[in-house]
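Okay, structure first, notes after.
Next up, the structure:
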């Protein structure tokens, strides 16, 4: 990974890290520079993911049987 510039992700200071893959694509991560070094963002459009609310409680419920898909069912 190559250390890049400091930037902001959703109002939080972040350091940009980049790496070129073997096929020439660029892999980009943005890591928090204050507090815990959490991953704040990864990827570039259209495959971008932004992560927020670290440490906050999640109210999750178990899905019903009709909401569950087995891995074998999603293969084309």
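In the numbering used here, the protein residues as written are 2 to 77.
C-beta atoms are modelled at their ideal positions from N, C-alpha and C, and glycine is treated no differently.
| What do you get for residue 42, buried or exposed, if any count of 16 or more other CB atoms within 10 angstroms of its CB means buried? | The residue is buried, with at least 16 neighbouring Cβ atoms inside 10 Å.
| Simplified DSSP state of residue 66, which is helix, strand or coil | Here residue 66 sits in helix by DSSP.
| Distance, Cα to Cα, residue 75 vs residue 69? | Near 11 Å, if we compare the C-alpha coordinates of residue 69 and residue 75.
| request: Since I believe residue 53 is in contact with residue 44 (beta carbons under 8 Å), could you give me their beta-carbon distance rounded to a whole number of angstroms? | output: No, residue 44 and residue 53 are not in contact; Cβ-Cβ is about 15 Å, not under 8 Å.
| task | Can you tell me which of 59, 71, 38 puts its alpha carbon nearest to the alpha carbon of residue 16? | result | Of the candidates 59, 71, 38, the one whose C-alpha sits nearest the C-alpha of residue 16 is 38.
| request: Would you mind working out which of 12, 67, 35, 48 sits nearest residue 28, comparing C-alpha positions? | output: Comparing Cα-Cα distances from residue 28 to each of 12, 67, 35, 48, the minimum goes to 48.
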